[in-house]
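The sequence shown lines up with residues 33 to 430 when you count with the numbering used here.
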Amino acid sequence: MLDYEKMFSERAKPLQGSAIRETFKVLAMPGMISFAGGAPAPETFAIKELTEIATDVLTNQGVMALQYGITEGYAPLKEQVRERLNRISSTKEDDELIITTGGQQGIALAAQALVNEGDIVATENPSFIGGLNSYRSFGGNTVGVDMDNDGMDMDKLEELLKTTKIKLLYTIATFQNPTGITMSVDRRKRLIELADKYDFIILEDNPYGELRFSGEPVPTIKSLDNNGRVIYCGSFSKIMSPGLRIGFVSAPKTIGEKMVVCKQTADVHTPVFTQMLASEFLKRYNIDDYIAKSCELYGRKCKLMQDKIAQYFPDCITTTKPEGGLFIWCSSSVDFDSSEVQKAAIARKVAFVPGSGLMPQTGVKTSSFRLNYSNSSEEKIDEGMKILGEVLKEYVTR
Ligand SMILES: Cc1ncc(COP(=O)(O)O)c(C=O)c1O
């Protein structure tokens, strides 16, 4: 047997498998109730509409759908995305707009274009593992900035900036993954000021921003920026379908052009066929009506999950109160390792994501964990929360 480990690049060696992707392996077990992934509810997929569109596209524009396309993306879709971003002032006239293969690719291309070995990338603590791994894979060191219910703590960020030069700040400011927290408007403004003062780029990752089910909309960070400091990443994964793999980036032109070259080394372009499906869907239907239905559904499921947490979980567990998105973050005043609880819960066929894999600093143990409410039926939320409550009670009374 060859020693493949020693052949790995220095860049690949520190990469840890995503705790969530690992959990997917056990999710296939019959009867498993999963609060682990970040998948949208299957009932939100417009399968009938997309079936018709797929047939029409292949029948009438088959050659274009099956041929190579251009790296920046299918032009009609780019226009539709630009129009949607204009509505929330999240693209600038001069920005480069790129259709990416999922929002994940937008993050990875930004990392490839900007992050050198040893560069510091500041992120929320905790953060999205796909983002953390993108920076790490280019040699970046991820440093977490603590959050409260208004998002990243800007005083703590400034303390860090006084001593440490950061290249990039990664934020999921709206309905954050994994906490569900939204950064307040004041903090968004302060973040822009700090970026100007300490000279760094902000990557605003916003795949959940349109999934608001309560509270008032907040402006994107990109819309508050006048100095070309913000790369904005979005996605159709949570509002149309993750399987289509369509995301988008609006980046200051020079950065965007470099990201286009990076994309040519990754996948040349996002599949034309799925871009055409998304584009035709946006043309024929009002996606906002579909999003409104998803929000209604997620608001109901989130409330149900919170009610069940209050009913079944031990009193030491507190949770965030999301106004949108797909996740609730649980913390405990009693110390335990949520990775251990996860094992016990999986043995009883309930899955969730322990916080340890979501920390910018590796090797941290935590009692915090993430719950997803979008992908389970209301019956399964009730059943799964009851079991998880029982498992947690065993751990906190030990
Ligand atoms: C914060 C965040 N960013 C980006 C993504 C990537 O999504 P996709 O590549 O499916 O668009 C996800 C997916 O869960 C996410 O949670």
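Note that beta-carbon positions come from the ideal geometry of N, C-alpha and C, so glycine has one too.
Cβ-based burial, residue i [other Cβ within 10 Å; buried from 16]
{"i": "Thr-91", "result": "exposed"}
{"i": "Pro-74", "result": "exposed"}
{"i": "Lys-353", "result": "exposed"}
{"i": "Pro-386", "result": "buried"}
{"i": "Lys-340", "result": "buried"}
{"i": "Ser-254", "result": "It is Lys, not Ser, that sits at residue 254 in the sequence shown. With 16 or more other Cβ atoms within 10 Å, it is buried."}
{"i": "Lys-38", "result": "exposed"}
{"i": "Asp-126", "result": "exposed"}
{"i": "Thr-203", "result": "buried"}
{"i": "Asp-35", "result": "exposed"}
{"i": "Met-96", "result": "exposed"}
{"i": "Lys-197", "result": "exposed"}
{"i": "Gln-343", "result": "exposed"}
{"i": "Met-417", "result": "buried"}
{"i": "Asn-258", "result": "exposed"}
{"i": "Gly-135", "result": "buried"}
{"i": "Arg-219", "result": "buried"}
{"i": "Glu-242", "result": "buried"}
Contact test: residue i Cβ vs ligand 1 heavy atom, cutoff 7 angstroms
{"i": "Ile-204", "result": "yes"}
{"i": "Asp-237", "result": "yes"}
{"i": "Ile-139", "result": "yes"}
{"i": "Gln-136", "result": "yes"}
{"i": "Pro-274", "result": "yes"}
{"i": "Asn-6", "result": "No answer is possible for residue 6: it lies beyond the span of the chain, which begins at 33 and ends at 430."}
{"i": "Asn-209", "result": "yes"}
{"i": "Phe-384", "result": "no"}
{"i": "Gly-70", "result": "yes"}
{"i": "Ser-121", "result": "no"}
{"i": "Ser-371", "result": "no"}
{"i": "Ser-269", "result": "yes"}
{"i": "Gly-279", "result": "yes"}
{"i": "Gly-356", "result": "no"}
{"i": "Phe-160", "result": "yes"}
{"i": "Gly-247", "result": "no"}
{"i": "Gly-163", "result": "yes"}
Bridge partners - residue i, DSSP secondary structure assignment
{"i": "Glu-128", "result": "Ala-283"}
{"i": "Ser-363", "result": "Thr-350"}
{"i": "Thr-306", "result": "For Thr-306, which the question treats as bridged, DSSP gives no partner whatsoever."}
{"i": "Cys-334", "result": "In the DSSP output, where bridge partners are listed per residue, Cys-334 has none listed."}
{"i": "Ala-383", "result": "Ser-66"}
{"i": "Asp-237", "result": "Cys-265"}
{"i": "Phe-401", "result": "Cys-362 and Pro-386"}
{"i": "Tyr-202", "result": "Thr-155 and Leu-235"}
{"i": "Arg-244", "result": "Gly-356"}
Cβ contact (3+ pairs, closer than 8 angstroms) linking the stretch 293 to 311 and the stretch 162 to 172 = Short answer: they don't touch.
Evaluate the contact criterion for the stretch 275 to 292 versus the stretch 384 to 397: three or more CB pairs, one atom per stretch, below 8 angstroms.
-> The stretch 275 to 292, when compared against the stretch 384 to 397, does not touch it at the 8 angstroms Cβ threshold.
Touching by the beta-carbon criterion (3+ pairs, under 8 angstroms), the stretch 122 to 131 and the stretch 342 to 360 = Contact between the stretch 122 to 131 and the stretch 342 to 360 is absent, because fewer than three Cβ pairs lie under 8 angstroms.
Three-pair Cβ contact test at 8 angstroms for the stretch 283 to 295 versus the stretch 132 to 145 | Yes, they touch.
Go through the stretch 128 to 184 residue by residue and report every complete run of the alpha helix (DSSP H) that reaches 4 residues or more, in order.
-> Listed in chain order, they are 134 to 146 and 161 to 169.
Are three or more beta carbon pairs between the stretch 215 to 229 and the stretch 186 to 193 nearer than 8 angstroms?
-> With the cut-off at 8 angstroms, the stretch 215 to 229 and the stretch 186 to 193 touch.
Can we say the stretch 336 to 351 touches the stretch 374 to 383, given the rule of at least three CB pairs closer than 8 angstroms?
-> The stretch 336 to 351 vs the stretch 374 to 383: no contact.
Taking 8 angstroms as the threshold, find out whether the stretch 74 to 87 comes into contact with the stretch 230 to 239 through three or more Cβ pairs.
-> Short answer: they don't touch.
Do the stretch 247 to 267 and the stretch 98 to 112 make contact, defined as three or more Cβ pairs closer than 8 angstroms?
-> These segments do not touch.
Unbroken beta strand (DSSP E) runs of length 3 or more, entirely within the stretch 89 to 123: which are they?
-> Those beta strand (DSSP E) runs which fall completely within the stretch 89 to 123 and span 3+ residues do not exist here.
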